[in-house]
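Trainee: Sharing a structure, written as structure tokens. Questions coming.
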Amino acid sequence: MTVSPTLVWFRLDLRLSDNPALHAAAGRGGPVAALFVLDDEDAGDWSFGGAQRWWLHGSLAALAEALAKKGVALVLRRGRAAEIVPAVARESGAGAVYWNRCYEPWRVARDRQLKQALADEGLETESFNAALLHEPWTVKTGQGGPYGVYSPFWRALQQREVAPPWPTPGAMTGVEGLESDALEDWQLLPTRPDWAGGLRETWTPGEAAAQGRLGAFLQHAIEDYGEERNRPDLESTSRLSPHLHFGEIGPRQVWAATQDFLERQGGQPGKAGKSAWKFLSELAWREFSYHLLYHHPALPEQPWRENFRAFPWSDDEAAFRAWTKGRTGYPIVDAGMRQLWQTGWLHNRVRMVVGSFLVKDLLIPWQRGEAWFWDTLVDADLANNAASWQWVSGCGADAAPYFRIFNPVLQGEKFDPEGTYVRHWVPELAGLPDRWLHKPWEAPAEVLQDAGVRLGDSYPEPLVDHQRARQKALAAFEEIKKDAAE
DNA sequence: TGAAATGTTGGGGCG
DNA sequence: ACGCCCCAACATTTC
Numbered sequence: 205m206t207v208s209p210t211l212v213w214f215r216l217d218l219r220l221s222d223n224p225a226l227h228a229a230a231g232r233g234g235p236v237a238a239l240f241v242l243d244d245e246d247a248g249d250w251s252f253g254g255a256q257r258w259w260l261h262g263s264l265a266a267l268a269e270a271l272a273k274k275g276v277a278l279v280l281r282r283g284r285a286a287e288i289v290p291a292v293a294r295e296s297g298a299g300a301v302y303w304n305r306c307y308e309p310w311r312v313a314r315d316r317q318l319k320q321a322l323a324d325e326g327l328e329t330e331s332f333n334a335a336l337l338h339e340p341w342t343v344k345t346g347q348g349g350p351y352g353v354y355s356p357f358w359r360a361l362q363q364r365e366v367a368p369p370w371p372t373p374g375a376m377t378g379v380e381g382l383e384s385d386a387l388e389d390w391q392l393l394p395t396r397p398d399w400a401g402g403l404r405e406t407w408t409p410g411e412a413a414a415q416g417r418l419g420a421f422l423q424h425a426i427e428d429y430g431e432e433r434n435r436p437d438l439e440s441t442s443r444l445s446p447h448l449h450f451g452e453i454g455p456r457q458v459w460a461a462t463q464d465f466l467e468r469q470g471g472q473p474g475k476a477g478k479s480a481w482k483f484l485s486e487l488a489w490r491e492f493s494y495h496l497l498y499h500h501p502a503l504p505e506q507p508w509r510e511n512f513r514a515f516p517w518s519d520d521e522a523a524f525r526a527w528t529k530g531r532t533g534y535p536i537v538d539a540g541m542r543q544l545w546q547t548g549w550l551h552n553r554v555r556m557v558v559g560s561f562l563v564k565d566l567l568i569p570w571q572r573g574e575a576w577f578w579d580t581l582v583d584a585d586l587a588n589n590a591a592s593w594q595w596v597s598g599c600g601a602d603a604a605p606y607f608r609i610f611n612p613v614l615q616g617e618k619f620d621p622e623g624t625y626v627r628h629w630v631p632e633l634a635g636l637p638d639r640w641l642h643k644p645w646e647a648p649a650e651v652l653q654d655a656g657v658r659l660g661d662s663y664p665e666p667l668v669d670h671q672r673a674r675q676k677a678l679a680a681f682e683e684i685k686k687d688a689a690e
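Throughout the first sequence, residue numbering follows our numbering, covering 205 to 690 in sequence.
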């Protein structure tokens, strides 16, 4: 008796290893069809941003090639998943449709309906966990609710066993004759202008590159991660975020590989061991964000702390534009915003600095920063992006206290002490001595002249005075504190 | 996963 | 020798 084909619907799980849906499809025994749907219409405000589209192109090309080697063609379709998935299931004669779960609210709602619709057509459906260490509904406090504070969440996570990764399927039988869009026709790559040069230089999308990143990190950087992770001038972080976002590598794989590293250390509580656990705790922040989003679907739009709805934001369009362009006059902020624009990525420490600056120095709503990051980050991830902006704004779950305002000068001096980061991304300041690099407006006129810096001309004057901006922010926060008390 | 303001301490200069 | 002041260094609290 022949087994009917299985349709695997790929989404943010663009890998063959540790892919439970694909693994189950291969194990079911019949032919396997693979589908990716460009579902912009379903996504509303949260369809893939520009940098993500660039990445998606490369990732889909890599996935198609890897699947082809296993005997399976990747079918590309564009439109509403609720129509396309059942249609491709019919076209392929599938008896079952498998996919890995996503946690964006719009996907959760859509997929639930879709699953019912497929079942109504008599198809077997099953969804799997490929994106998280643990499902959001399985991690509960002693009270039985979801965690709202990171530290106890992380403690709870450490008590749990992480499931091992699934093996990569061997050769499969494909389904012939399914029509597919051409990837090029989706026009995911920018053309006029082609702003993706820096992205191409910086990144290689795809599962193989993701594994390469992880391997290189474990080999060269993880030992010093604890001490150097906050240094944007060093290559001290894993840079796995876009690979994780698109599911080119899964968190269980990262967890398992890091545990292997820990075992090779012989379980010693030394620097390397502490660093490795620090790295895992960052993976747990990703997990925490996903759980928050799952339990609070309004996270990307609404402040978690409700009194922040009354916050007296400013709507200074010119200031927002200066921030996006990296022309605020604060070197560490500008360096970060330019790194983001050119490479589609930003060091986490600098994300906090530029985020604090937008929200607290410029008093611009965090949702605007969130939207800019959504469009420009290759790793733009609904859960991480929303949770992190709420964190830095002081309105999120377990957020930084509202009065925690980053001083961009001190942050620059502390985390870019030799100024290599600023000099690289803000070359017009490269000639300044270290002493003035992070605060050029305080430099004596002759120092500026020697460095070829003309403030207000070759490099902007500070957009705001940080000390005064800080006082304004604190006063604004006092306003909503009163509101909360009433 | 801050920074600034304020408080405390202790060494050294000096009358 | 002693008390006084200054102030850097560190600690605590406040925003």
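Glycine included, C-beta positions come from ideal geometry on N, C-alpha and C.
By DSSP, does G378 sit in helix, in strand, or in coil?
Mentor: G378 falls in the strand class under three-state DSSP.
Trainee: If V563 and G540 are in contact, beta carbons under 8 Å, what's the gap, nearest whole angstrom?
Mentor: Rounded, the Cβ-Cβ distance is 14 Å, inconsistent with contact.
Trainee: Starting from the C-beta of A604, find all residues in its chain whose C-beta is less than 7 Å away, skip the five residues before and the five after it, and write them out in chain order.
Mentor: W595, V596 and G598
Trainee: Where do the N-terminal and C-terminal ends of the beta strand (DSSP E) with L145 fall, by residue?
Mentor: The question about residue 145 has no answer here: the residues shown for the chain are numbered 205 through 690.
Trainee: Write down the C-beta distance between L337 and L361 rounded to the nearest angstrom, noting that I regard them as a contact closer than 8 Å.
Mentor: With a contact defined as Cβ atoms closer than 8 Å, L337 and L361 qualify at about 7 Å.
Trainee: Given R572, which residues of its chain have a CB within under 7 Å of its CB, disregarding the five upstream and five downstream residues?
Mentor: F524
Trainee: For E388 and W258, I'd like the C-alpha separation in whole angstroms.
Mentor: 11 Å
Trainee: Just how far apart, CA to CA, sit Y494 and P350?
Mentor: 11 Å
Trainee: Could you compute how far the alpha carbon of F184 sits from the alpha carbon of Q256?
Mentor: The shown model of the chain, from 205 to 690, leaves out residue 184, and the question about it has no answer.
Trainee: Can you tell me whether DSSP reads E339 as helix, strand or coil?
Mentor: coil
Trainee: Thinking C-alpha only, which one of G548, G348 and W407 is nearest H499?
Mentor: Nearest C-alpha to H499: G348.
Trainee: Just to confirm my understanding: we take P235, look at its own chain, exclude 5 residues before and 5 after, and list those with CB closer than 7 Å. What are they?
Mentor: P209, T377, G378 and V379
Trainee: Can you tell me where the alpha helix (DSSP H) holding T528 begins and where it ends?
Mentor: E521 to K529
Trainee: Under 8 Å Cβ to Cβ from E690, same chain only, skipping five residues before and after it: list those, please.
Mentor: The predicted position of E690 is uncertain, since its pLDDT is 44 and thus under 50; no value can be drawn from it.
Trainee: Using 9 Å as the threshold, is the C-beta distance between L271 and A265 below it?
Mentor: no
Trainee: Does the Cβ of V582 have 16 or more other Cβ atoms within 10 Å, making it buried, or fewer, making it exposed?
Mentor: buried
Trainee: Measure the alpha-carbon distance for V301 versus E411 and round it to whole angstroms.
Mentor: 23 Å
Trainee: Hey, how far is the Cα of Q675 from the Cα of L566?
Mentor: 12 Å
Trainee: Among the residues of its own chain, which have a CB less than 6 Å from the CB of Q457, if the five just before and after it don't count?
Mentor: D222 and P369
Trainee: Do D437 and D620 have their C-beta atoms within less than 9 Å of each other?
Mentor: Yes, they are a contact pair.
Trainee: Whose CA, out of M556, E432, T345 and F240, lies closest to the CA of R219?
Mentor: F240
Trainee: Looking at the secondary structure, which residues open and close the beta strand (DSSP E) in which T329 lies?
Mentor: It spans E328 to F332 - the beta strand (DSSP E) in which T329 sits, taken as one unbroken run.
Trainee: If you compare alpha carbons, which of E486, G402 and T406 is closest to I426?
Mentor: E486
Trainee: Whether or not the stretch 473-482 and the stretch 417-436 are in contact is what I'm after, with contact meaning three or more pairs of Cβ atoms, one per stretch, closer than 8 Å; do they touch?
Mentor: By the C-beta criterion, the stretch 417-436 is judged to be in contact with the stretch 473-482, since at least 3 inter-stretch pairs fall below 8 Å.
Trainee: Using a Cβ-Cβ cutoff of less than 7 Å, which residues in the same chain neighbour A647 once the five nearest sequence positions on both sides are dropped?
Mentor: L636 and W640
Trainee: What is the residue span of the alpha helix (DSSP H) that A270 lies within?
Mentor: G254 to K273
Trainee: Which value, in whole angstroms, describes the spacing of the CA atoms of F214 and P664?
Mentor: 46 Å
Trainee: Do you know how far the Cα of R282 is from the Cα of R490?
Mentor: 29 Å
Trainee: If you follow the alpha helix (DSSP H) that V613 is in, where does it begin and where does it stop?
Mentor: P612 to F619
Trainee: I need the boundaries of the alpha helix (DSSP H) containing A225, first residue and last residue.
Mentor: P224 to R232
Trainee: Note down, in chain order, each residue of its chain lying with its Cβ closer than 7 Å to the Cβ of E295, except the 5 sequence neighbours on either side.
Mentor: Answer for E295: L382, listed in chain order.
Trainee: Could you pull the start and end residues of the beta strand (DSSP E) that F214 belongs to?
Mentor: According to the DSSP assignment, F214 belongs to the beta strand (DSSP E) that extends over T210 to F214.
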